[in-house]
Amino acid sequence: MLLLAILMSLTGFILLPENAMRWTALAICFIFISTICLRLTCKGHVQIASIALISQYWILITILAVTAGGTKAPAFSGFLFIVFTSGLLLKVRDGVITAIICISTEIAIAYAEVNGLLPESKVHNTTYSMLFADFFFITMISGFVMLYSRSMASALHSATHEISVRKQIEIENQKALFELGERVKELTALHSIMKVLQNSHVSLQEILNEIVRLIPPAFQFPNSTQARIQIGNTVATTNAYVQSSSGLTVEFTGTDGKLGSLDVIYTTNCPPSFYGPFLREEIDLITTISELIRVDYDRRQANSDLRRSEAQLQFFANVTLEGIAISEDGVLVECNAQFAALMGYNISEMIGLSVTKFAVPESYETILRHILQQSIEPYIAVGLRKDGTTFNAELWGQPTIYQGRPARVTVIRDITERTKLEEQLRRTQRLETIGALAGGITHDLNNVLTPISLMIDILRSKITDPDLTKMLDILWKGAARGKEIVKRVLTFARGTTDEFSPQQIQHHLYEIDTLIKQTLPKNISMTVSVQDNLPLVLGDATQIHQILMNLCVNARDAMPDGGTLSLSASQHILQDKDSESGGKSGEFVLLSVKDNGTGIPPEIRDKIFEPLYTTKAPGKGTGLGLSTVAEIVKNHGGFITIESEPGMGTEFKIFFPVLSGLAIVSEREVKQLPAGSGQTILVIDDELSVLNISQEILEAYGYKVITASDVQEIRKAYSSHEKERIALVMTDMHLPTTNGIEIISIVRTYDPDVKVIVCSGSLDEDGLVLPDNVKIQGFVAKPFTAEVLLTTIHNLLTV
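Going by our numbering, the sequence shown opens with residue 330, and the numbers climb by one from there.
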């Protein structure tokens, strides 16, 4: 708008004729422009209005100078007024620029005038021009005065505002400086208190005394500030502290449940703050100090509990029989005396070693897996002592925190003896299983041997040819030997032994010779030497057989590269002075087992008869063989000696006392068998061969026989023979569909007085257990002979 007004004034001055109208138009435009500047000044735009007015003055003066006589024009001196005005109204830089412009304009006009470049002056000092010039200068002076007064007022207002702002800033700076000083005191107190709390070697009372001394200097009125701290029964106060209800109190509770409090009071009246007697920061400070005290108290209690717990753990670790080790990342950092003794180290030389140092390489994977998986399940490993010996170990552990760091505590137990006992138990259980199986098959074996034995008796009564009779004798000896073998199996199955009976050692040697040869490698030969007419010894056949088997197996194992196994039996008479007799004298049968194997070192010779002692590799021996041999020999009243040289071989000598007064029976005596007188006998068995041969023998010796193989046939037998009384029932104890006790109950329902004989291939008379209401009159063990069968029946029926 301002520029528009200037352009209008120039246009009107140039186009209008040189008369009063031109000057009038110029004055109107000038007044209009001045009015705009006044409007800007009223709105506070003094600087803009000043620039506009000075610019207008410069333009109009330049126009007047160019059109009204150059330097001789009345308005030419107006340039000086413009420079003066700009210096007062504008900034220094703007005033200098204005002065340069005005000087440059005057030089240009003067140059143009001298060189005749100015247009011919059309303006003369007429009345109008003079009036306009006066009006122009009056307007300029009025505008200057107005603008200058407005500028001065604005400057004064700015100066006053600046002074006010500076005073406010100074007040705020003083307040900030005061608060900074207060915060410095508070931070200094907190720093000092934290240093005091870090000293864990002084008592709680000393800590609290030092803290209450540090609290007053942190407050804005330190000379009037008093403090008191209480935790449980421990109290610390400043010298002039008194109980007051207007003080500041912060309460806290430790983890052990003890109540604590921090009290701060002013002993004189102090100017209150916005928050009351205490600053907000002072309230926060007391709260922070109380929290630090609580945390430190809890830490002290935790450390005390930890030390007490560590002392208890150390006590229990030292009194326990188990080894205890603590490791970090697989490295041993602590252990008890039992662990050190178990491993054969001193505790000091164990610390820092890898845990794998105490185990064989085969157990590394197991140990490291449990450590990495942080497993708490027990596991088995093989321990390695300092001297290189090994032992079976059971370990179990769990993750823990030791001295502030993750660790693992492991308990280790030597289970070598337990492992041996467990292995012995497993072997025993296997033997029991084998025994149960053996007990089951003896019944079937005896059922096979029974008709063979009976048939031999039948054939013997019908054959008179000497050659055939010799063959029957051989067959009878075979059956008798089979019966003896089954008896031994049955004895083994029951886990008991027979009563001692006269034994011929040579028979056991020949038997073991036949048996052991089948198991010997081809590079081991075997010889048997027996003295003629050896006397009898009193013993158990099964146990004597066990002695020979154990010693022969040991001899075989002692000859891995081959050799000779020699068995011999001879009669010896020992005197008390004989060193090998151990003070015993008399007649003995000497049983010798000799090999030419590796021999036994002298240093372990005294240990070989100890239970569980073995030099064989794991899984190759139990350590029970020779200890069992020694025990059996002792139970037979004999003794055992050993002669061995490393690399030369070993000879075991077993001495059995001779049983005098008994003759050796080499042949079976033939007796006259008793016959019946037509009595009816019911034979019950599930084996058809036993039924048939029993029926044939009994009928051949004058008995009437009825056979049955199950309950239905038993009932049918009684129903079809109601008119004739069954005098005797002979039944097997084990039938596929029933048992002997049920059979006895059934036949008793038909005839309560009938005589009953029980047969069994898996029991003997001592092992037969019957209810009190079940009675029998006789027992026959399978396999039985015709003589046993007929004699037993005859004795019952003739009573």
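Beta carbons: idealized from backbone N, C-alpha and C, even for Gly. These numbers come from a predicted model, not from an experiment.
Cross-strand partners of residue i (DSSP beta bridge)
i            : result
residue 549  : Beta-bridge pairing links residue 549 to no other residue.
residue 1063 : 1068
residue 721  : 711
residue 920  : 898 and 983
residue 727  : 738
residue 1085 : 1058
residue 780  : Paired residue(s): none; residue 780 is not in a bridge.
residue 969  : 983
residue 1035 : 1011
residue 853  : 892
residue 830  : 868
residue 1080 : Answer is none; residue 1080 lacks a bridge partner.
residue 1109 : 1088
residue 743  : 722
residue 858  : 897
Sequence-distant residues of its chain with Cβ nearer than 8 Å to residue i (five each side left out)
i            : result
residue 682  : 660 and 661
residue 582  : 588, 589 and 623
residue 1125 : 1057, 1084, 1086, 1106 and 1107
residue 987  : 864, 865, 866, 900, 915, 916, 917 and 918
Rounded separation between residue i and residue j - CA only
i            : j            : result
residue 1113 : residue 1026 : 12 Å
residue 870  : residue 837  : 8 Å
residue 1019 : residue 1101 : 29 Å
residue 665  : residue 622  : 37 Å
residue 381  : residue 421  : 17 Å
residue 903  : residue 863  : 16 Å
residue 811  : residue 989  : 28 Å
residue 1010 : residue 1044 : 14 Å
residue 627  : residue 586  : 10 Å
residue 937  : residue 956  : 8 Å
residue 427  : residue 384  : 9 Å
residue 995  : residue 776  : Here residue 995 scores only 43 on pLDDT, less than 50, and its place in the model is too uncertain to base an answer on.
residue 782  : residue 848  : 31 Å
residue 684  : residue 882  : 41 Å
residue 550  : residue 496  : 27 Å
residue 841  : residue 914  : 29 Å
residue 560  : residue 536  : 12 Å
residue 1017 : residue 1089 : 15 Å
residue 851  : residue 890  : 10 Å
residue 562  : residue 612  : 25 Å
residue 921  : residue 1127 : 52 Å
residue 519  : residue 698  : 49 Å
residue 793  : residue 984  : 45 Å
residue 1046 : residue 1070 : 18 Å
residue 997  : residue 1109 : Because the pLDDT of residue 997 is 45, which lies under 50, any placement of that residue in the model is unreliable, and the question is left without a value.
residue 1078 : residue 1041 : 14 Å
residue 387  : residue 429  : 12 Å
Residues near residue i in its chain [Cβ-Cβ closer than 7 Å; skip 5 each side]
i            : result
residue 1030 : 1002, 1004, 1005 and 1119
residue 695  : 708 and 710
residue 716  : 673
residue 754  : none
residue 779  : 1019, 1111, 1112 and 1113
residue 860  : 898, 899 and 900
residue 595  : 550, 553, 554 and 606
Sequence-distant residues of its chain with Cβ nearer than 6 Å to residue i (five each side left out)
i            : result
residue 580  : 590
residue 975  : 928 and 930
residue 625  : 526
residue 577  : 593, 607 and 615
residue 407  : 390
residue 1115 : 783, 786 and 1026
residue 655  : 662, 663, 731, 736 and 738
Buried versus exposed, by CB contacts within 10 Å (16 or more), residue i
i            : result
residue 692  : buried
residue 592  : buried
residue 440  : exposed
residue 391  : buried
residue 923  : buried
residue 1111 : buried
residue 637  : exposed
residue 1135 : No statement about residue 1135 is possible, as the shown extent of the chain runs from 330 to 1128 and does not include it.
Residue-chain proximity (residue i, chain B), Cβ-Cβ < 9 Å
i           : result
residue 725 : Any reference to chain B falls outside this structure, which holds one protein chain only.
Any beta strand (DSSP E) of 3 or more consecutive residues that is wholly inside the segment 506-563:
DSSP runs (the beta strand (DSSP E)) wholly in the segment 506-563: 554-560.
Identify every run of the alpha helix (DSSP H) within the segment 583-664, keeping only runs that are complete inside it and at least 4 residues long; order them along the chain.
Segments of the alpha helix (DSSP H) lying fully in the segment 583-664: 609-648.
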